[in-house]
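Chains as they are written, first to last, in our numbering: chain A, 22 to 376; chain B, 22 to 376; chain C, 12 to 335; chain D, 12 to 335.
So the structure is just underneath, and the comments pick up after that.
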Amino acid sequence: MADETVRILAPDGRVDEEDRRGLDLKDEDLRQLFRYMVLARNVDLECTALQRQGELAVYPPAIGQEAAQIGSAYALGERDMVYPSYREVGVAISRGLDMVEYMKFHRGTWHGGVNDPVGSGFGMFSVPVGSQPLHGTGHALGTKLDGKDVVTITYFGDGATSQGDVHEAMNVAGVFGAPIVFFCQNNHWAISVPLEKQTAGQIYRKAEGYGFPGVRVDGNDVLAVYRVTREAVERARAEHQPTLIEAVTYRIGPHSTADDATRYRTKEDVEAWQQLDPIERFRMFLETAGIADQSVFLEAEAEGKDLAATVRAGIQGAPPRDVEDLFRWIFAELPPVLVRQRDEVLRLAEEDRDG
Amino acid sequence: MADETVRILAPDGRVDEEDRRGLDLKDEDLRQLFRYMVLARNVDLECTALQRQGELAVYPPAIGQEAAQIGSAYALGERDMVYPSYREVGVAISRGLDMVEYMKFHRGTWHGGVNDPVGSGFGMFSVPVGSQPLHGTGHALGTKLDGKDVVTITYFGDGATSQGDVHEAMNVAGVFGAPIVFFCQNNHWAISVPLEKQTAGQIYRKAEGYGFPGVRVDGNDVLAVYRVTREAVERARAEHQPTLIEAVTYRIGPHSTADDATRYRTKEDVEAWQQLDPIERFRMFLETAGIADQSVFLEAEAEGKDLAATVRAGIQGAPPRDVEDLFRWIFAELPPVLVRQRDEVLRLAEEDRDG
Amino acid sequence: MADVTMAQALNRALRDSLAGDDRVLILGEDIGKLGGVFRITDGLQAEFGEQRVFDTPLAEAAIAGVSLGLTQAGWKPVCEMQFDAFSYPALDQVISHIAKYRYRSKGTTGVPMVMRIPFGGGIGAAEHHSESPETYYAHTSGLKVVVPSSALDAYNLLVRSVQDPDPVIFFEPKSRYWAKESGDLAAEGAPIGQARVLKEGQHATLIAWGAMVSRCLDAAEAAGEDGVDVEVLDLRSLVPLDIETLAASVQKTGRAVVVHEAPMTAGFGAEVVARIMEDCFDHLEAPALRVTGYDMPYPPATLEEHYLPNVDRILLALDAVLTH
Amino acid sequence: MADVTMAQALNRALRDSLAGDDRVLILGEDIGKLGGVFRITDGLQAEFGEQRVFDTPLAEAAIAGVSLGLTQAGWKPVCEMQFDAFSYPALDQVISHIAKYRYRSKGTTGVPMVMRIPFGGGIGAAEHHSESPETYYAHTSGLKVVVPSSALDAYNLLVRSVQDPDPVIFFEPKSRYWAKESGDLAAEGAPIGQARVLKEGQHATLIAWGAMVSRCLDAAEAAGEDGVDVEVLDLRSLVPLDIETLAASVQKTGRAVVVHEAPMTAGFGAEVVARIMEDCFDHLEAPALRVTGYDMPYPPATLEEHYLPNVDRILLALDAVLTH
Ligand SMILES: Cc1ncc(C[n+]2csc(CCOP(=O)(O)OP(=O)(O)O)c2C)c(N)n1
Ligand SMILES: Cc1ncc(C[n+]2csc(CCOP(=O)(O)OP(=O)(O)O)c2C)c(N)n1
Ligand SMILES: [Mg+2]
Ligand SMILES: [Mg+2]
């Protein structure tokens, strides 16, 4: 990573003390960050396992990206709004979402992820790559028009930066001074396509073209991620200026459980980054700095296992939704054609049940 | 314009002699540049008049943008390829296109502009704003794959820079090292939307995000435009590196003859730029430098009037194409459904003719 | 009761919507100071300010996606695509998100927005300015698709569209912008989802929407002079489609011709014919026919008269169904 | 004569096209080293190099627009959209340019490219991975739209598509990728524009394309057990549509049911019904019916079985047309 990359924690857990003092984080917060990262790791691994056991249809692991996700989400205020892609399990956990509901997307019982995106401050999963930043920009513009003290953050990947929609979202946000943070997790891969085939530029420098700051941060350094996101969130809140953050991290797992990453990258590629594990790095720091000890780590692990177990229990054998639900939410009011269609489906389903 | 803007000719026609000597332009070339600019101005004004007289359906004036168009087109090699928008009358003239055929687009006798885009090295008019740079990138990639010594240039406006397609084209060109020049005529307006509502960034700095050079040039300075385009063309040819050029100019006329620009800008806005007229500026230079005198200027004018008259004669009363042509070029071979449809149209047209 | 053009009626509908509901926003290209290239938004920015009525950068996907985001901040955006063919860059946002968000979010998050699209030919415009893309939208589940054919109904339908809890794609027949109608502007006409019988008749039914409605009325008049009594149905709402009114009319007349500007293949006329097949088969005296644009890119302006359905072609089709 | 899956047949068609014509290129997301998420391009980059077979950045409009540009440099690109719903960002380039360039350029500049789109449901996939967007393309004049239903015909059609001088949208029914067929791979089957009668019958015609063809064959078999003799028509080519074969079959049987996965409203089934109306009316014993997906966003995987046409629904429709 080049000089311009913001970093507070070295890979061995050492820290620039001045940098650290500059953070508005109490020891409690630091332990909380650690806790969330461990929860995310546990749920993530559990879900990969659940998929292997046939309980989930497919799952996109976030392992290795915990610092990027937790550090950034922790910088948000309670009423701030998130527009995620499909890999933001860590963000979801630290925003307090119901993780069983969340995983039902991956089980295929319904689309989208959670029940009420606006109510929960967490938009629906956005599968079409790069499409959600526009929703974030619209939302941010909307809250600004209302004079509300709300910041919007949108997550997307390195691959997404190639999409026209992401460009349009940043450009519009720049023009309107929308209070939004564009958070790009550059995990070096878009399925099998490596970063260097995605763009010849630097992701964070794309912000130059939109007239707002672009920042590159070590995405495996939870403190640095927190700091740059915090600054961006404050800039959005106070100055209505967007920021593009490039968090440089790595997709340790396959693209999804359906992917065979050995086809396009080597074990060595991955191992180099496993050395830079964000949780271990932070743990070493917490320990060395005397902020947390073994008991804290074990407690977080235990809590992680609990949450994973909750997800497993909630998802295992979770039935499909009622057939009626198929027709429930297409329009506020079901038009005649769909009433006919619904009646057919219900009749057939009943006949099926009856034998 | 900020410091970074490349300029050789001052608005009063004075020149930085060192800059000028750096140009690979003989006096003959300089007179040729002048000539093309005058031709373009004459045809442009004539076409506005032709539209007022009902001979053209609509016409988008290029007045004021002659230096940007001629200076850049003059930097191309004979076999280089142009992907234009709809306002590139100057480029078309200096590339030797049949200007009567060209104007038939504006008369509504056929789409597109010229007969054979590949053969003539000038792609069809691209009306959907921002869509043609992708074609340019594809073409450039294609010639590179063939090892051909061909450079592609694509023209688009400041408004087009907001479109996702333009972003995607530049990004892809960066990744593949496509031999292409992205030439943006920033004429300060996209119909009624001024530059500052189009983007909060600087257009030429958008190149940073794609990993290739971005250059801003005084678009009313034909020598500077020539120089930066020449450099970009050579960079494309020799190094397969794209360049984004922002030529800062001004749309002196309305967006099109259908537009009423008084609704959104003042006479003063326009007058300030009329002072910076690219032809007059260049004329003063040529005169002062002793490269051309009144006779050259008058000759160019006369030639301009001639070309305008040719266009007028060719377009005036030009009939619609044959009804059969409607069905001629949909597919290489007309499928049965269309045969039926064609037969109906021809029958009806005949009945019409017969009474 | 004054004469009003469709353009004026639409302008008034937007004005009254902005005045009546302070959550309504208007956005698009050139819709501010310029008032839109067709002046449909004329004067609205001056009256309601740049916060409520604002120009966007030149990016249709952005206009659509940002509008969706605005709904999630509690706004009701009415966005404009400047011309039919320039709505295509927004299709992904429309199909993948705007049409699906209510469904995806289990009903918690509807998308109360309107996308206005001036459409159709007959105005001598350049390439990409005369298309009829209603099929793309009508085939996209989750959207309502509405097309007025007259000034008063344009007012009525647009006001209702803005109030609708679901996304409405609102097609405005450009060639009818300057056609006048006499009456009071009020949102008291038929709701979205109902067709209108504009002329009753016994011998055959002409079915159309948008600009083709007046052409059908002309054809009906011409047929009337030959003693043929034609019913004219203005669908108004392609989705939801008023199958009841459609079926009632065709069951009565036993003969039907549907007319639209879009190319024939997989045009919405096919859906109308399929519904007639399903609901009126036993009443049909002749095949229901289509008079449509041809299966070609929209032709250049000087040839468009040969492409667009005209009274002659409609009469030929009427003749075919009447003499079958 | 060996068993071959449709996935293998498609892979071979691409391989043979690359080998047979050095102007053919393959591009798309993850089609290089990975060989595509469905492995349709497996091994092609290794065999033909990164100049002929290359990954693009993640941008579908770019893939389409760049492909068009490549044709103008004399190449024949075969590009891949990774899944059905991810073809939507490319719609503007397809509708406004790829479909229109030959027309616009007065025939000088055709667009010999193929856009491959894996489509349809039935594989338990996530949202946006199971759609059937063929109508959007079939309604766009200037495109050919082709859909194989079996391995051997997939080979035949894809090789022909690559050789076609016009842009071909090539839909691959994902749920049939792993279905086997026995025979030799050769481009000797029916050309684009011809339908195939897969099973002859006297009582009714089932019409389908892609994955629904095998479902229709299943239904026909089930009906046969009840003594009903059903003809099954595989359209293969939606544009150009083989009206002759279609009309001949329906005129013979007098009864027709068309089956597709896409939602009903304005789906391509409507076009088929409209053609039957126009060309077979006097032979019809019953209304031609549609069995389709419902007018909703594609549902989640665990409910898709209720959405997709199945044998029961097809039999019900057959029963309806037979007992009318
Ligand atoms: C518009 C679109 N095209 C293609 C896909 C298929 N796809 C799913 S994820 C993905 C790669 C995304 O890469 P990136 O943006 O870096 O995010 P990451 O998966 O690495 O988190 C692709 C190509 C898609 N979902 N949407
Ligand atoms: C995709 C698309 N959207 C909208 C339009 C309508 N339109 C035509 S030109 C134009 C403004 C273009 O501005 P700019 O790119 O700066 O080019 P200029 O006209 O100034 O040369 C607009 C909005 C269009 N042609 N295409
Ligand atoms: Mg990635
Ligand atoms: Mg401009």
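Note that CB positions come from ideal geometry on N, CA and C, so glycine has one too.
Within chain D, no residue has its CB atom less than 8 Å from the CB of L77/A, the nearest being about 11 Å off. Only S107, H108, K111, Y112, R113, Y114, R115, S116, K117 from the stretch 105-117 of chain C bring a Cβ to less than 8 Å from some Cβ of chain A. Under the 9 Å criterion on CB atoms, L44/A is classed as non-interfacial with respect to chain C.
CA-to-CA, the gap between I300/B and A94/B works out to about 16 Å.
Contact residues of the stretch 294-328 of chain A toward chain B are absent (C-beta to C-beta distance below 7 Å).
Counting only runs that start and end inside the stretch 97-122 of chain D, the alpha helix (DSSP H) elements of at least 4 residues fall at 112-115. With contact defined as three or more Cβ pairs closer than 8 Å, the stretch 152-161 of chain A and the stretch 37-46 of chain C are not in contact. The C-beta of V360/B has fewer than 16 other C-beta atoms within 10 Å across all chains shown, which makes the residue exposed. A Cβ of chain B is located within less than 9 Å of the beta carbon of I254/D. The stretch 219-230 of chain C makes no contact with the stretch 316-335 of chain A: fewer than 3 CB pairs, one atom from each, lie closer than 8 Å. In chain order, the residues that have a beta carbon nearer than 7 Å to some heavy atom of ligand 3 are G178/A, D179/A, G180/A, Q206/A, N207/A, N208/A, H209/A, W210/A, A211/A, R272/A. Distance from the C-beta of L69/D to the nearest heavy atom of ligand 1 is below 8 Å. The beta carbon of F97/D falls within 9 Å of a beta carbon belonging to chain A, placing the residue at that interface. Counting along the chain, the unbroken beta strand (DSSP E) around L38/C starts and ends at 35-39. Using a 10 angstroms sphere on the CB of H335/D, the tally of other CB atoms stays under 16, which defines it as exposed. Taking a Cβ-Cβ threshold of 9 Å, the residues of chain C close to A181/B are L69, in chain order. Among the residues facing chain B, G133/C is not included, as its CB has no counterpart in that chain under 9 Å away. Around the beta carbon of S193/D, fewer than 16 other beta carbons sit within 10 angstroms, so the residue counts as exposed. When secondary structure is reduced to three states using DSSP, Y225/B falls in the helix class. At a Cβ-Cβ threshold of 9 Å, M275/D and Y305/D count as neighbours. Of the candidates G132/C, I180/C, V173/C, V243/C, the residue whose Cα lies closest to the Cα of A273/C is G132/C.
For D40/A, no CB of chain C lies under 9 Å from its own CB, so it is not counted at the interface with that chain. Around the beta carbon of L154/D, 16 or more other beta carbons lie within 10 angstroms, which makes this residue buried. By the beta-carbon neighbour count (other beta carbons within 10 angstroms, threshold 16), K185/C is buried. Chain order gives the chain C residues near V358/A as P251, L252, I254, where near means a beta carbon separation below 8 Å.
Distance from the CA atom of A230/C to the CA atom of G338/B, rounded to whole angstroms, is 32 Å. The Cβ neighbour count for T283/B, taken over all protein chains shown within 10 Å, is under 16; the residue is labelled exposed. Under the DSSP assignment, D239/B falls in the beta strand (DSSP E) whose first and last residues are 235-239. Listed along chain B, the residues sitting closer than 8 Å to T220/A by beta-carbon distance are N192, G195, V196, G230, Y231, G232. By the Cβ criterion, the stretch 226-236 of chain B is not in contact with the stretch 74-84 of chain B, since fewer than three pairs of Cβ atoms, one from each stretch, lie closer than 8 Å. Y285/B belongs to the set of residues whose beta carbon lies under 9 Å from a beta carbon in chain C. The alpha-carbon of D32/C is positioned some 55 Å away from that of L30/B.
Taking a contact to require three or more Cβ pairs closer than 8 Å, the stretch 217-231 of chain A and the stretch 122-133 of chain A do not qualify as touching.
Between the C-alpha atoms of Y123/A and D65/A there is a straight-line separation of about 12 Å.
Judged by pairs of C-beta atoms under 8 Å, the stretch 183-199 of chain B does not touch the stretch 105-121 of chain D, as fewer than three such pairs exist. Taking 9 Å as the cut-off, the beta carbon of I203/D is found no closer than this to the beta carbon of A267/D.
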